[in-house]
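Chemist: One structure, pasted below without further comment.
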Amino acid sequence: MNILHMIFTIEKGGAETYLFNILDNIDKNINFFVICDHEGGNHKKLKEKCKNIDIIKMKSPFDFKAARNIASYCKANNINIIQTHFLRENYIAVLSKIFNPKIKIIWTAHLIAENNKKIKFFNRLFSKFVNKIICVSHAVKKSLEREGISSEKIKVIYNGVDTDRYKPIENCPLKEELGLNENILVLTTVSRFNKEKGHSFLIEGIKELKNYMKDFKLLLVGSGEEEKFIKQKVENCGLEEFVLFLGYREDIIDILSITDIYLSPSKSEAISFSILEALSCEKVVVATEVGGVPEILEKGNIGILIPYGEPKKFAEAIIYLYENNHIYEMKKSNSRKVVLDHFSLDKMIKETLNLYKELLINKGLN
Numbered sequence: 091m092n093i094l095h096m097i098f099t100i101e102k103g104g105a106e107t108y109l110f111n112i113l114d115n116i117d118k119n120i121n122f123f124v125i126c127d128h129e130g131g132n133h134k135k136l137k138e139k140c141k142n143i144d145i146i147k148m149k150s151p152f153d154f155k156a157a158r159n160i161a162s163y164c165k166a167n168n169i170n171i172i173q174t175h176f177l178r179e180n181y182i183a184v185l186s187k188i189f190n191p192k193i194k195i196i197w198t199a200h201l202i203a204e205n206n207k208k209i210k211f212f213n214r215l216f217s218k219f220v221n222k223i224i225c226v227s228h229a230v231k232k233s234l235e236r237e238g239i240s241s242e243k244i245k246v247i248y249n250g251v252d253t254d255r256y257k258p259i260e261n262c263p264l265k266e267e268l269g270l271n272e273n274i275l276v277l278t279t280v281s282r283f284n285k286e287k288g289h290s291f292l293i294e295g296i297k298e299l300k301n302y303m304k305d306f307k308l309l310l311v312g313s314g315e316e317e318k319f320i321k322q323k324v325e326n327c328g329l330e331e332f333v334l335f336l337g338y339r340e341d342i343i344d345i346l347s348i349t350d351i352y353l354s355p356s357k358s359e360a361i362s363f364s365i366l367e368a369l370s371c372e373k374v375v376v377a378t379e380v381g382g383v384p385e386i387l388e389k390g391n392i393g394i395l396i397p398y399g400e401p402k403k404f405a406e407a408i409i410y411l412y413e414n415n416h417i418y419e420m421k422k423s424n425s426r427k428v429v430l431d432h433f434s435l436d437k438m439i440k441e442t443l444n445l446y447k448e449l450l451i452n453k454g455l456n
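Going by this note's numbering, the first residue of the sequence shown is number 91, and it counts up by one from there.
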């Protein structure tokens, strides 16, 4: 079985994490190919995971030249399924069927988008020629159904976390390395710095929290276009001693190991790898009630949901967990089990492999 993944570029987001998980863990009898428009910041990591990588320029969602090139590439490499990761690639893959009608297409919907009427129209039109749409949460599924896309085309497969990697560890020296007091309350957020991730709201919540307690530190892990603005906001709010900017890090498991409460302040979230990774490391979560996030927390008593944009309730949730240790410990004890039962990488891989086989069964290729 030969599967082609189409993604515009490889950076450091959820779609890339999803793709790496597929490449690392699915059936070794499957040959994977990846096509990008250009090399992104994480392209080197992609090369470590896949030997069949090519660059095909994709100038727009309606790039017929790119579609013809994709069709030729699929014929030359005997590709059975194209799995796309965003709209541009999905449209081009569908257009490639003009030149290669037998190809199967899976559109992977990673985001909840607020599309205009034009995009909604083309989504409905192009979805008719897609064999299946993977949605990473029921919230994503509902957003596509609201656009008029048939529910029969859609299959929800939750993102999965490698629970063998993301697990509790003890006696991590990182707290000492960061100069943190042993008894300080450690709050952590891991995400790129853009408006949708809600860092500005998070800082407002921390400013409110400072009115009630002083012995805490917020660790901000990641980089992005909003980082400079957030640093300035921290300074303007007089929070420099409470917030530590760690930049992009590879030692996420170590950071989570010293975390007491994981914070997810997103304005929009289809599903959150970072929340799942924190839970897998046996952490309690305070998260905004947006997108697919409630689908995680409703699986067990593992955290607190708060409304986006209400900093006082953000602070109150943290204080409640801090002051009620028996509730905190109970939620903490539930967190990893929720991931093992509902959001494990093994479960995601099994469901994705079954979908590949389902699409090819009529062709006798599985």
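From the three backbone atoms N, C-alpha and C, an ideal C-beta is built for every residue, glycine too.
Roughly how many whole angstroms lie between the Cα atoms of N391 and S425?
Modeler: Taking the straight line joining both Cα atoms gives about 8 Å.
Chemist: Tell me, please, which residues DSSP counts as bridged to Q173.
Modeler: Paired residues: H95, I196.
Chemist: Hey, A405 and L299: beta-carbon distance below 8 Å or not?
Modeler: Against a cut-off of 8 Å, the Cβ pair of L299 and A405 comes out as a contact.
Chemist: How is L329 classed by DSSP in three states: helix, strand or coil?
Modeler: L329 falls in the coil class under three-state DSSP.
Chemist: Which runs of the beta strand (DSSP E), 3 residues or longer, sit entirely within the region 263 to 323?
Modeler: Within the region 263 to 323, the complete beta strand (DSSP E) runs of at least 3 residues are 275 to 280, 306 to 311.
Chemist: Sorted by chain position, which residues of the same chain lie with C-beta nearer than 7 Å to E330's C-beta, five sequence neighbours on each side aside?
Modeler: Correct list, in chain order: V324.
Chemist: With H, G and I counted as helix, E and B as strand and the rest as coil, what does DSSP make of D341?
Modeler: It is coil, neither helix nor strand.
Chemist: Rounded to whole angstroms, what is the Cα-Cα separation between E337 and S434?
Modeler: Checking the sequence, you will find Gly at residue 337 rather than Glu. Answer to the nearest angstrom: the Cα atoms are 27 Å apart.
Chemist: Pull up the distance between the alpha-carbon of L443 and that of I120, whole angstroms please.
Modeler: Between L443 and I120, the C-alpha separation is close to 10 Å.
Chemist: Could you give the DSSP three-state label for D431: helix, strand or coil?
Modeler: Looking at D431 - three-state DSSP - the assignment turns out to be helix.
Chemist: Between G104 and H200, how many whole angstroms is the CB-CB distance? I'm expecting something under 8 Å.
Modeler: At roughly 6 Å, the Cβ-Cβ gap stays under 8 Å, so G104 and H200 are in contact.
Chemist: Can you tell me where the alpha helix (DSSP H) with S217 in it begins and where it stops?
Modeler: Taken as a continuous stretch (DSSP letters only), the alpha helix (DSSP H) holding S217 covers 207 to 217.
Chemist: Would you list the one or two residues that DSSP bridges to S354?
Modeler: The partner list for S354 (beta bridge, DSSP) reads A377.
Chemist: Can you list, in chain order, the stretches of the beta strand (DSSP E) that have 3 or more residues and sit fully within the region 390 to 440?
Modeler: Within the region 390 to 440, the complete beta strand (DSSP E) runs of at least 3 residues are 393 to 396.
Chemist: One question on the structure: do G78 and A360 come within less than 8 Å of each other, judged by their Cβ atoms?
Modeler: Shown here, the chain extends from 91 to 456; a query on residue 78 therefore has no answer.
Chemist: Can you tell me whether D114 is buried or exposed? The criterion is at least 16 other CB atoms within 10 Å of its CB, across all chains shown.
Modeler: Flag for D114 reads exposed.
Chemist: Would you list the one or two residues that DSSP bridges to F335?
Modeler: According to DSSP, F335 bridges with L310.
Chemist: What is the rounded straight-line gap between the Cα of E316 and the Cα of Y398?
Modeler: Going by the C-alpha atoms only, they are around 18 Å apart.
Chemist: Would you please state the rounded distance, in angstroms, between the beta carbons of I125 and Y163? I believe it to be under 8 Å.
Modeler: About 7 Å; that satisfies the 8 Å criterion.
Chemist: In its own chain, which residues sit with a C-beta less than 6 Å from the C-beta of K357, not counting the 5 before and 5 after it?
Modeler: Excluding sequence neighbours, K357 sits near E286, G288, Y398.
Chemist: Do the region 337 to 347 and the region 218 to 230 touch if we need at least three Cβ pairs shorter than 8 Å?
Modeler: With a cut-off of 8 Å, the region 218 to 230 and the region 337 to 347 do not count as touching, because too few Cβ pairs lie within range.
Chemist: State buried or exposed for H95, treating a residue as buried only when at least 16 other CB atoms are found within 10 Å of its CB.
Modeler: With 16 or more Cβ atoms within 10 Å of its Cβ, H95 is classed as buried.
Chemist: In whole angstroms, give me the CA-to-CA distance for V230 and K318.
Modeler: C-alpha separation (whole angstroms): 31 Å.
Chemist: Using a Cβ-Cβ cutoff of less than 7 Å, which residues in the same chain neighbour F332 once the five nearest sequence positions on both sides are dropped?
Modeler: Excluding positions up to five away in sequence, the list reads I296, K300, F306, K307, L308.
Chemist: By the DSSP assignment, the alpha helix (DSSP H) with K245 in it spans what residues?
Modeler: It is not in any alpha helix (DSSP H) - K245 instead sits in the beta strand (DSSP E) that spans 244 to 246.
Chemist: Determine the DSSP secondary structure at I348, reduced to helix, strand or coil.
Modeler: In this structure, I348 counts as coil in the three-state DSSP scheme.
Chemist: Between A161 and the rest of its own chain, which residues show a CB-CB distance below 6 Å, the 5 nearest in sequence each way excluded?
Modeler: Closer than 6 Å at Cβ, skipping near neighbours: S186, F189, N190.
Chemist: For K194, is the classification buried or exposed, using 16 other Cβ atoms within 10 angstroms of its Cβ as the cut-off for buried?
Modeler: Label assigned to K194: buried.
Chemist: I need the straight-line Cα distance from D117 to M91, nearest angstrom please.
Modeler: Each residue's Cα considered, the two are about 10 Å apart.
Chemist: If we count the other Cβ atoms within 10 Å of its Cβ and call it buried at 16 or more, is K304 buried or exposed?
Modeler: By the neighbour-count rule (16 or more Cβ atoms within 10 Å), K304 is not buried but exposed.
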